[in-house]
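Student:
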């Protein structure tokens, strides 16, 4: 399936590449969600609760270290079928995809 972020996917791929080479991970990393704030209309836009300051935006799952994003995977991007066919949820498939790449680097 084509990535729904096709207009900016090349930029996102560059960020994924350069961030991995610009930051050495420490002994502890975390996996968490991040929201990229946006004002426009999109079917991928998520409401983040009426009491959160971030507002609405597109959500990603990310690997971070000491406050810096090391890798990210937008929730609207297709996930690897091998993880889904193994019975994992889309969130776990995204995280395992990122950790798999992370292990290749170290």
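In the numbering used here, the protein residues as written are 8 to 113.
Each residue gets a CB set at the ideal place from its N, CA and C atoms; glycine is no exception.
All values reported here derive from a predicted model rather than from experimental measurement.
1) For residue 40 versus residue 68, is the C-beta spacing smaller than 8 Å?
2) Which value, in whole angstroms, describes the spacing of the CA atoms of residue 36 and residue 9?
3) Going along the chain, which residues of its own chain have a beta-carbon closer than 8 Å to the beta-carbon of residue 91, five neighbours each way excluded?
4) So if DSSP puts residue 68 in a beta bridge, which residue, or which two residues, is it bridged to?
5) Look at the Cβ atom of residue 83, then the Cβ atom of residue 20, and state whether they are nearer than 8 Å.
Tutor: Considering the structure as presented:
1) The residue labelled residue 40 in the question sits at position 33 within the chain shown. The residue labelled residue 68 in the question sits at position 61 within the chain shown. Cβ atoms of residue 40 and residue 68: closer than 8 Å.
2) Counting from 1 along the chain shown, the entry for residue 36 is found at position 29. Counting from 1 along the chain shown, the entry for residue 9 is found at position 2. Roughly 30 Å between the two C-alpha positions.
3) On the chain shown, residue 91 is found 84 positions in, with the first residue counted as 1. Taking residue 91 as the centre and dropping the five residues before and after it, the same chain places the C-beta of 97, 100 closer than 8 Å to its C-beta, in chain order.
4) Along the chain shown, one-based indexing puts residue 68 at 61. DSSP, once it has assigned bridges, lists 40, 80 as partnering residue 68.
5) Taking the first residue of the chain shown as 1, we reach residue 83 at position 76. Taking the first residue of the chain shown as 1, we reach residue 20 at position 13. No, the Cβ-Cβ distance between residue 83 and residue 20 is not below 8 Å.
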